[in-house]
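Undergrad: For what it's worth, the numbering used here labels the leading residue of the sequence shown as 113, then goes sequentially. We put the beta carbon where it would ideally sit given N, CA and C, even for glycine. None of these values were measured; they are calculated from a predicted model.
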Amino acid sequence: MLRSLWKLQWKQFAARMKKGNGKKTSGGWLVFLMLFFVVCMEILMFVVFAELVPLCEMGLTWLYFAMAGTAALAFSMLGSVFMTQAQLYDAKDNERLLSMPIPPKYILLTRIAMLFTTTAGYTLAVLLPAFGIYAFSYGASATMIIGWLFTFVALSLISQSVCCALGWVLHKLLSRLRNKAVVSLLYMVIFMAVYWYFYANVNSFLSGLVMQGTQIAGAMKYVWPLYAIGMACGGSLLHTLLVTLLSAAIALFTLWRLSASFISSVRTSGAKAGAKHKSGKASAKQRTPVLSVAHKEQRKFFTSPAYLMNFGFGLVVIPVLPIAAAIFRGKLMQMISLMSFRPEWIALGIFGVMAFCIATSCATAPSVSLEGKNLWVLRTMPISGKTVLLGKLLMVCRLQMPLVAVSVLALCLIVGCGIGLTVLTVCVCVLFCWFVGTLGLVMNLLAPRFDWQSENQPCKQSLSVFVTMFGAYFFAAVIVGVFFAVSALHIPGIAAYAVTTAFLLLASVLMHLLLVRWGAKKFERLEA
């Protein structure tokens, strides 16, 4: 039975990879994006450990590997904790599997085994560069290779055990909160802020670690598990055995505690979800059909963790940009004066940054697919396809446009663009919100996906999202190209910017007409 469950998990994973939008191409794009992420990650790790390898010349080889183990634990836990919580406690088929004559511990084991492969991948992404650089610089003995292999498995087990414990805590915490999506978005924002802060200061951090290696080593010797990890990777078979036994004990204890609380946690989650659904039937206000659809979409956007995490990040970054520009205004103005940027180029730079944030937040791209099996509900309501699409577009526009307008206005005033350029830049950025919103709906109508098992699939593994996002990037480059092409005709800068704004207005109107005429008919013919 355990083998059957294991095969079922892998078949479902393989089916999700292959299907995508019902086409095999999306799986290929997903593999490409995963490989791209892995390559970028490995390059960063190689740079980090190349800076730390001088610790080995100081006789602190164990500290080098202890730091690698600490980084592997931190990275794998950050990458897996929310996935663990979702897969163990929020999986859609939990209730169905528990209603079958299957021991709960088998369900738990198969889910943890799938999660363990992901956690092991995160761990290996950190440890492999550390091991590779050391082996290239100093060579590796047989006992060191044995220590590396057992330490890799041990760290993966410890990380997955901690993720399971934190996942249980998150499950209990989130079950008491009304809006889980905001918590998920906050986690992603904090993670990205920490990542970029570390990335920006990595050289100073690493130099300080190397210069203070002796003091750090003296302090870390009192943290025995980290010292043992470093010694195990250094070739100590005794420490390898101790680290392996410690990780096995932690994993078995975690599995025992989870198996004792798994059924009650899942059933409590289902009961609370049902209660929330019943209590959510509040008295509806009198709204127009378009506003009603927009309100429904907005409620879904802010209550769906997958939807908000994938397309809400830009909404957080947009208001942060003028705050950061005001804080670092001196450095920003110094760079502008050194580069001798013209005001029109500065305005185009502001548009480029905003275009990236807007394209990253193209929430309309999966909105039709997210209707899923409930598409028939909209189809049976006395509203036209045009009304539904306009409501979806209105939701995104009223979220993005005010934020973009205020942020662009503040940025232009901070860098001193002038009144004319400021007004035109605000108009261009607001029009780009409109264009990307309509583009996302058109692409989703061309490539809808209704066979998803998790909302992450139409948000992350969707051809419409990929084409909309990169199509928006490309069109932003086209807009910049139009400006320089018009400027080449010896037209003054602000006039060239006005022509560029008119070009974007025309493109937005044409895309909107395509949506309300062709798109409305296409929506009414869709079948989930």
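To the nearest whole angstrom, what separates the beta carbons of Glu567 and Ser416, a pair I think is in contact under 8 Å?
TA: Here residue 567 corresponds to residue number 455 of the sequence shown, with the count starting at 1. Here residue 416 corresponds to residue number 304 of the sequence shown, with the count starting at 1. Glu567 to Ser416, Cβ: 6 Å. Contact.
Undergrad: For Pro455, count neighbouring C-beta atoms within 10 Å of its own C-beta (all shown protein chains included) and say buried if the count is 16 or more, exposed if not.
TA: In the sequence shown, counting from the first residue as 1, residue 455 sits at position 343. Result: buried.
Undergrad: Hey, Phe544 and Ala467: beta-carbon distance below 8 Å or not?
TA: On the sequence shown, residue 544 is found 432 positions in, with the first residue counted as 1. On the sequence shown, residue 467 is found 355 positions in, with the first residue counted as 1. Going by C-beta atoms, Phe544 is nearer than 8 Å to Ala467.
Undergrad: Tell whether a beta-carbon distance below 8 Å holds between Leu227 and Gln199.
TA: For the purposes of this step, residue 227 is taken as residue 115 along the sequence shown, with counting starting at 1. For the purposes of this step, residue 199 is taken as residue 87 along the sequence shown, with counting starting at 1. Yes, these two residues count as a Cβ contact at 8 Å.
Undergrad: If you scan the region 459-517 from start to end, which runs of the beta strand (DSSP E) of 3 or more residues do you find wholly inside it?
TA: If we require 3 residues or more, the region 459-517 turns out to have no beta strand (DSSP E) run fully inside it.
Undergrad: Span of the alpha helix (DSSP H) holding Cys529?
TA: By 1-based counting over the sequence shown, the position of residue 529 is 417. Note, Cys529: premise wrong, no alpha helix (DSSP H); not H, not E.
Undergrad: Would you say Val402 and Leu502 are within 8 Å of each other, going by their C-beta atoms?
TA: What you label residue 402 is simply residue 290 of the sequence shown in a count that begins at 1. What you label residue 502 is simply residue 390 of the sequence shown in a count that begins at 1. Going by C-beta atoms, Val402 is nearer than 8 Å to Leu502.
Undergrad: Skipping 5 residues on each side, what residues in its chain have a beta carbon closer than 7 Å to that of Ala632?
TA: Working through the sequence shown from its first residue, we reach residue 632 at position 520. Within the same chain, Ala632 has close Cβ partners Ser496, Gly497, Lys498 and Leu501.
Undergrad: Is the beta carbon of Thr534 less than 8 Å from the beta carbon of Met623?
TA: For the purposes of this step, residue 534 is taken as residue 422 along the sequence shown, with counting starting at 1. For the purposes of this step, residue 623 is taken as residue 511 along the sequence shown, with counting starting at 1. No, the pair does not count as a contact, with Cβ atoms beyond the cut-off.
Undergrad: Just to confirm, is the Cβ distance from Ala266 to Thr356 under 8 Å?
TA: Within the sequence shown, the letter at position 154 stands for residue 266. Within the sequence shown, the letter at position 244 stands for residue 356. Their beta carbons are under 8 Å apart, which means Ala266 touches Thr356 by this criterion.
Undergrad: Indicate the three-state DSSP secondary structure (helix, strand or coil) for Gln565 in the structure shown.
TA: Residue 565 sits at position 453 when you count from the first residue of the sequence shown. Three-state result, Gln565: coil.
Undergrad: When the Cβ atoms of the region 443-460 are set against those of the region 569-588, are three or more pairs found closer than 8 Å?
TA: No, because fewer than three Cβ pairs between the region 443-460 and the region 569-588 fall closer than 8 Å, the two stretches do not touch.
Undergrad: For Met157, does the count of other Cβ atoms within 10 angstroms reach 16, so buried, or fall short, so exposed?
TA: For the purposes of this step, residue 157 is taken as the residue at position 45 of the sequence shown. With 16 or more Cβ atoms within 10 Å of its Cβ, Met157 is classed as buried.
Undergrad: Quick check on the DSSP output: what are the complete alpha helix (DSSP H) runs of length 4 or more inside the region 153-182, in order along the chain?
TA: Within the region 153-182, the complete alpha helix (DSSP H) runs of at least 4 residues are 166-169.
Undergrad: Val274 and Met179 look like a contact to me (Cβ under 8 Å); what is the Cβ gap, rounded to whole Å?
TA: If you number the sequence shown from 1, residue 274 lands on position 162. If you number the sequence shown from 1, residue 179 lands on position 67. The pair is not a contact, with the Cβ atoms about 18 Å apart (cut-off 8 Å).
Undergrad: I believe Leu536 touches Thr613 by the beta-carbon criterion, under 8 Å. Please report the beta-carbon distance rounded to the nearest angstrom.
TA: Position 424 of the sequence shown holds residue 536. Position 501 of the sequence shown holds residue 613. Confirmed, Cβ separation roughly 5 Å.
Undergrad: Leaving aside the five residues before and after Val611 along the sequence, list all residues of the same chain whose C-beta is less than 6 Å from its C-beta, in chain order.
TA: For the purposes of this step, residue 611 is taken as the residue at position 499 of the sequence shown. These residues qualify, in order along the chain: Val598.
Undergrad: Buried or exposed for Ser253, please, with buried defined as at least 16 other CB atoms from any protein chain shown within 10 angstroms of its CB.
TA: Here residue 253 refers to the residue found at position 141 when the sequence shown is read from its first residue. It is exposed - the Cβ of Ser253 has fewer than 16 other Cβ atoms within 10 Å.
Undergrad: Please go through the same chain and pick out, in chain order, the residues whose beta-carbon is closer than 7 Å to the beta-carbon of Cys529, but skip the five residues on each side of it.
TA: On the sequence shown, position 417 is the one that residue 529 refers to. Pro455, Ile458, Ala459 and Thr537.
Undergrad: State buried or exposed for Glu169, treating a residue as buried only when at least 16 other CB atoms are found within 10 Å of its CB.
TA: Taking the first residue of the sequence shown as 1, we reach residue 169 at position 57. Exposed is the call here.
Undergrad: Note down, in chain order, each residue of its chain lying with its Cβ closer than 7 Å to the Cβ of Leu638, except the 5 sequence neighbours on either side.
TA: Counting from one through the sequence shown, the residue named residue 638 turns up at place 526. Counting only Cβ-Cβ distances below 7 Å, and skipping sequence neighbours, we find Leu487 and Pro560.
Undergrad: Should Lys504 be labelled buried (16 or more other beta-carbon atoms within 10 Å of its own) or exposed?
TA: As a position in the sequence shown, residue 504 is number 392, starting the count at 1. Classification of Lys504: buried, given that the 10 Å Cβ count is 16 or more.
Undergrad: For Lys412, which residues of its own chain have a beta-carbon under 8 Å away from its beta-carbon, when the five flanking residues on both sides are left out?
TA: If you number the sequence shown from 1, residue 412 lands on position 300. Closer than 8 Å at Cβ, skipping near neighbours: Tyr419 and Leu482.
Undergrad: What number of angstroms, rounded off, separates the C-alpha of Leu626 from the C-alpha of Phe187?
TA: As a first step, residue 626 is located in the sequence shown; it is residue number 514 there, counting from the start. As a first step, residue 187 is located in the sequence shown; it is residue number 75 there, counting from the start. Straight-line Cα distance between these residues: approximately 45 Å.
Undergrad: Identify whether Gly386 lies in helix, strand or coil by the three-state DSSP scheme.
TA: On the sequence shown, residue 386 is found 274 positions in, with the first residue counted as 1. Caution is warranted here: a pLDDT of 48 is assigned to Gly386, below 50, making its placement in the model unreliable, and no coordinate value can be reported.
Undergrad: To which residues of the same chain is Val628 closer than 6 Å at the C-beta, ignoring the five residues directly before and after it?
TA: Position 516 of the sequence shown, counting from 1, holds the residue named residue 628. Cβ within range, chain order: Lys498.
Undergrad: Taking the alpha carbon of Thr230 as the reference point, which residue from Gly244, Met195, Leu239 and Phe243 has its own alpha carbon closest?
TA: In the sequence shown, residue 230 corresponds to position 118, counting from 1. Comparing Cα-Cα distances from Thr230 to each of Gly244, Met195, Leu239 and Phe243, the minimum goes to Met195.
Undergrad: Evaluate Glu636 with the Cβ neighbour count: other Cβ atoms within 10 Å of its Cβ, from every protein chain shown; 16 or more gives buried, anything less gives exposed.
TA: Residue mapping note: residue 636 aligns to position 524 of the sequence shown, counting from 1. Looking at its Cβ environment, which holds fewer than 16 other Cβ atoms inside 10 Å, Glu636 is exposed.
Undergrad: Would you kindly work out how many angstroms separate the C-alpha atoms of Phe615 and Ile591, rounded to a whole number?
TA: As a first step, residue 615 must be located in the sequence shown, where it is residue number 503. As a first step, residue 591 must be located in the sequence shown, where it is residue number 479. Whole-angstrom Cα-Cα distance: 8 Å.
Undergrad: In whole angstroms, what separates the C-alpha of Phe645 from that of Ile448?
TA: With the chain covering 113 to 640 only, the question about residue 645 has no answer from this structure.
Undergrad: Measuring alpha carbon to alpha carbon, tell me which residue in Val193, Val516 and Leu515 is nearest Ile224.
TA: Taking the sequence shown and counting its residues from 1, one reaches residue 224 at position 112. It is Val193 whose Cα lies nearest to the Cα of Ile224.
Undergrad: What number of angstroms, rounded off, separates the C-alpha of Pro431 from the C-alpha of Phe243?
TA: Stepping through the sequence shown from its first residue, residue 431 is reached at position 319. Stepping through the sequence shown from its first residue, residue 243 is reached at position 131. C-alpha separation (whole angstroms): 42 Å.
Undergrad: Label Ile341 either buried or exposed according to how many other C-beta atoms from any shown protein chain fall within 10 Å of its C-beta, with 16 as the threshold for buried.
TA: Mapped onto the sequence shown, residue 341 falls at position 229. Buried, because 16 or more other Cβ atoms sit within 10 Å of the Cβ of Ile341.
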